[in-house]
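Q: Residue numbers (my numbering): 34 to 348.
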Amino acid sequence: MADEALSAGAVARRLGVAVTTLRTWHQRYGLGPSEHVPGHHRRYTPADLARLEIMRRLTAEGVAPAEAARWARQAPAVLPPEHLGLNGRTTAVRDGGGTTIPVGRAGPVARGVARAAMRLDSVAIGETIAHALATDGVVHTWDGLLRPVLAGIGERHTATAGLIEVEHLMSRCVSEAFATVARAHPVAGPARILLACADEEQHTLPLEALGAALTEVGVGYRMLGARVPVAALVEAVDRTGPAAVVLWSHTRLTAGPEQLTALLAAPRRPLLVLAAGPGWRADTLPAGVVRPVSLAEAVSLAVAVRDSLDQSTTG
Ligand code: B12
Numbered sequence: 034m035a036d037e038a039l040s041a042g043a044v045a046r047r048l049g050v051a052v053t054t055l056r057t058w059h060q061r062y063g064l065g066p067s068e069h070v071p072g073h074h075r076r077y078t079p080a081d082l083a084r085l086e087i088m089r090r091l092t093a094e095g096v097a098p099a100e101a102a103r104w105a106r107q108a109p110a111v112l113p114p115e116h117l118g119l120n121g122r123t124t125a126v127r128d129g130g131g132t133t134i135p136v137g138r139a140g141p142v143a144r145g146v147a148r149a150a151m152r153l154d155s156v157a158i159g160e161t162i163a164h165a166l167a168t169d170g171v172v173h174t175w176d177g178l179l180r181p182v183l184a185g186i187g188e189r190h191t192a193t194a195g196l197i198e199v200e201h202l203m204s205r206c207v208s209e210a211f212a213t214v215a216r217a218h219p220v221a222g223p224a225r226i227l228l229a230c231a232d233e234e235q236h237t238l239p240l241e242a243l244g245a246a247l248t249e250v251g252v253g254y255r256m257l258g259a260r261v262p263v264a265a266l267v268e269a270v271d272r273t274g275p276a277a278v279v280l281w282s283h284t285r286l287t288a289g290p291e292q293l294t295a296l297l298a299a300p301r302r303p304l305l306v307l308a309a310g311p312g313w314r315a316d317t318l319p320a321g322v323v324r325p326v327s328l329a330e331a332v333s334l335a336v337a338v339r340d341s342l343d344q345s346t347t348g
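1) Do three or more CB pairs link the stretch 254 to 273 to the stretch 323 to 333 at distances below 8 Å?
2) Under the three-state reduction of DSSP, which class applies to P98: helix, strand or coil?
3) Which residues in the same chain have their Cβ closer than 8 Å to the Cβ of S40, if we skip the five residues on either side of it in sequence?
4) Under 8 Å by Cβ, that's how I've got V332 and L243 pegged, so tell me the actual separation to the nearest angstrom.
5) Report the partner residues of M256 according to the DSSP bridge assignment.
6) Going by the DSSP bridge assignment, what does P311 pair with across the sheet?
7) Provide the residue span of the alpha helix (DSSP H) that contains V44, from first to last.
8) To test your reading of the DSSP string, which unbroken beta strand (DSSP E) runs of 3 or more residues are found completely within the stretch 261 to 328?
9) Expressed to the nearest angstrom, what Euclidean distance is found between the alpha-carbon atoms of H59 and R255?
10) Confirm, please, whether the CB-CB distance from G251 to W281 is below 8 Å.
11) So, V136 versus R144, is the Cβ gap smaller than 8 Å?
12) Could you tell me the alpha carbon to alpha carbon distance between I186 and S345, rounded to whole angstroms?
13) Which one of E160, A147, G95 has the shortest CA to CA distance from E209?
14) Contact check, I162 vs V207 under 8 Å by CB: the rounded distance?
15) Quick check on this structure: which residue in H190, M88, A99, G170 has the alpha carbon closest to the alpha carbon of T133?
16) Got a sec, what are the start and stop residues for the alpha helix (DSSP H) P181 sits in?
17) Taking just the CA atoms, how far does D316 sit from L183?
18) Looking at the unbroken alpha helix (DSSP H) that takes in P79, where does it start and where does it end?
19) What is the rounded straight-line gap between the Cα of A97 and the Cα of L55?
20) Nearest-angstrom Cα distance between V214 and T174?
21) The alpha helix (DSSP H) that contains P141, what's its start and end?
22) How would you label P300, buried or exposed, when you count the other beta carbons within 10 angstroms and need 16 or more for buried?
23) Three-state secondary structure (DSSP) at T237?
24) Would the beta-carbon of V172 be found less than 7 Å away from any heavy atom of the ligand B12?
25) Between L179, L48, A165, P79, which lies nearest to R90 when the distance is taken from Cα to Cα?
26) Excluding five sequence neighbours on each side, which residues of the same chain lie with their C-beta closer than 8 Å to the C-beta of G63?
27) Are the CB atoms of A335 and L247 nearer to each other than 8 Å?
28) Excluding the 5 residues preceding and the 5 following M88 in the sequence, name in chain order all residues of the same chain whose CB lies nearer than 7 Å to its CB.
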């Protein structure tokens, strides 16, 4: 049992609640960690987690906390692991009203974020993302945690035409978390990479992920963000002379190849023009444009550009 015992932070992430909520449930309702190893913080056992899962579910359904806690304390000592989300199996996350966010094969932390998103609990979402970024880094957090939840929200929206408020809140939380990474580790030296969304393109999160990942590896960049008209893009290139431009298109509607052609024809043509995102069609890309297929690949290309410039200036 000792191996499976969890810290308060780990339990909060699995349940998709804030650590402060967990503390309140402990202090007010006695739903605390029961395992005690002398000299260490108390840890939550699977039975504690089962009780807290009941508490979370009942309070989400509108049961008063004191009443929910009474039910939770009476729960059988151990529930099956799939009920607790301990085994990382494929699940859809249900919270209260019966709507679900499928998170594919992503693990319990993604399910916790999906639950928190369903409750519009931005504090819990923010805490969990910040913890994942600090422990796993940007690329892993994006691919293993955030993309599955975002894709699940998109899937549910397509099926139900609902969850727009969830999509907006989740997007804000992700943006804030990436902005915090960028602010915490400002990169000294030139901003050699220009990041922009294609004209009328509003999906900025993958570019924000790229910006945060570049910060982590110490590559400077400028971010123009959403909906950049092609004339403004070319103007920015001419004024700042970036070594690489990443132009993001998420949907076919914003993937006009003339934007890439304009970059290639700019007076200060960048060394590398990257067409990123699922909007672009490989067969319409002008010659000389590179198409990265993942965040990790885009980061590698940017690092390669930075290194080749560093070598040419020092060598
Ligand atoms: C969040 C979101 C929004 C937010 C965006 C907020 C923001 N600041 O970015 C808001 C609410 C603004 C929004 C608006 C719209 N959205 Co939207 N949105 C999404 C959602 C839920 C997540 C987007 C995201 O960040 N995905 C990131 C990952 C999850 O994308 P991915 O495709 O899996 O990534 C692949 C590659 O891109 C690559 N990759 C991933 N990350 C990176 C990073 C880099 C650097 C690289 C190189 C590659 C790479 O790896 C993946 C595997 O191949 C998606 C659902 C989805 N499945 O993506 C819908 C989705 C993209 N939206 C959609 C639509 C239709 C819209 C709207 C038109 C809705 C409307 N009627 O107004 C508008 C578009 C407005 C516009 N002109 O741009 C559709 C697009 C359908 C299509 N293919 O045409 C989707 C797919 C939802 C759906 N199922 O219908 N949206």
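Using N, Cα and C, we set each Cβ at its ideal position, and we do this for glycine too.
A: On the basis of the data shown:
1) no
2) Taking the sequence shown and counting its residues from 1, one reaches residue 98 at position 65. Helix.
3) Working through the sequence shown from its first residue, we reach residue 40 at position 7. Here the set comprises H74, R76, Y77.
4) The residue labelled residue 332 in the question sits at position 299 within the sequence shown. The residue labelled residue 243 in the question sits at position 210 within the sequence shown. Contact holds; Cβ gap of about 7 Å.
5) Counted from its first residue, the sequence shown places residue 256 at position 223. According to DSSP, which records beta bridges pairwise, M256 is partnered with L228.
6) Position 278 of the sequence shown, counted from the first residue, corresponds to residue 311. Partner(s): none; P311 has no beta bridge.
7) The residue given as residue 44 occupies position 11 in the sequence shown. Note, V44: alpha helix (DSSP H), 41 to 48.
8) 277 to 281, 305 to 309
9) Numbered from its first residue, the sequence shown carries residue 59 at position 26. Numbered from its first residue, the sequence shown carries residue 255 at position 222. C-alpha separation (whole angstroms): 45 Å.
10) As a working mapping, residue 281 is identified with position 248 in the sequence shown. As a working mapping, residue 251 is identified with position 218 in the sequence shown. No. Outside cutoff.
11) For the purposes of this step, residue 136 is identified with residue 103 of the sequence shown, where counting begins at 1. For the purposes of this step, residue 144 is identified with residue 111 of the sequence shown, where counting begins at 1. Contact flag set, yes.
12) The sequence position of residue 186 within the sequence shown is 153, counting from 1. The sequence position of residue 345 within the sequence shown is 312, counting from 1. Here the alpha carbons of S345 and I186 stand approximately 45 Å from one another.
13) By 1-based counting over the sequence shown, the position of residue 209 is 176. Comparing Cα-Cα distances from E209 to each of E160, A147, G95, the minimum goes to E160.
14) Counted from its first residue, the sequence shown places residue 162 at position 129. Counted from its first residue, the sequence shown places residue 207 at position 174. That belief holds up - the Cβ atoms of I162 and V207 are roughly 7 Å apart, short of 8 Å.
15) The count along the sequence shown starts at 1 and reaches residue 133 at position 100. Measuring from the Cα of T133, the nearest candidate turns out to be H190.
16) What you label residue 181 is simply residue 148 of the sequence shown in a count that begins at 1. It spans 180 to 193 - the alpha helix (DSSP H) in which P181 sits, taken as one unbroken run.
17) Indexing the sequence shown from 1 puts residue 183 at position 150. Indexing the sequence shown from 1 puts residue 316 at position 283. Roughly 28 Å between the two C-alpha positions.
18) Taking the first residue of the sequence shown as 1, we reach residue 79 at position 46. That run of the alpha helix (DSSP H) goes 79 to 93.
19) To locate residue 97, count along the sequence shown from 1; it is residue 64. To locate residue 55, count along the sequence shown from 1; it is residue 22. Approximately 16 Å between the Cα atoms of the pair.
20) Numbered from 1 along the sequence shown, position 181 holds the residue referred to as residue 214. Numbered from 1 along the sequence shown, position 141 holds the residue referred to as residue 174. Distance between the alpha carbons of V214 and T174: 12 Å.
21) One-based indexing of the sequence shown puts residue 141 at position 108. Note, P141: alpha helix (DSSP H), 141 to 151.
22) The residue given as residue 300 occupies position 267 in the sequence shown. Exposed, since its Cβ has fewer than 16 Cβ neighbours within 10 Å.
23) Position 204 of the sequence shown, counted from the start, is the residue given in the question as residue 237. In the structure shown, T237 sits in coil (DSSP, three-state: anything other than H, G, I, E or B).
24) If you number the sequence shown from 1, residue 172 lands on position 139. V172: no, Cβ never under 7 Å from the ligand B12.
25) For the purposes of this step, residue 90 is taken as the residue at position 57 of the sequence shown. Nearest C-alpha to R90: L48.
26) Position 30 of the sequence shown, counted from the first residue, corresponds to residue 63. If we look at G63 and ignore the five residues flanking it on each side, its Cβ neighbours are A102, R106.
27) Here residue 335 is taken as the residue at index 302 of the sequence shown, counted from 1. Here residue 247 is taken as the residue at index 214 of the sequence shown, counted from 1. Yes, the Cβ-Cβ distance between A335 and L247 is below 8 Å.
28) Position 55 of the sequence shown, counted from the first residue, corresponds to residue 88. Contacts found: W58, L64, A101, A102, A105.
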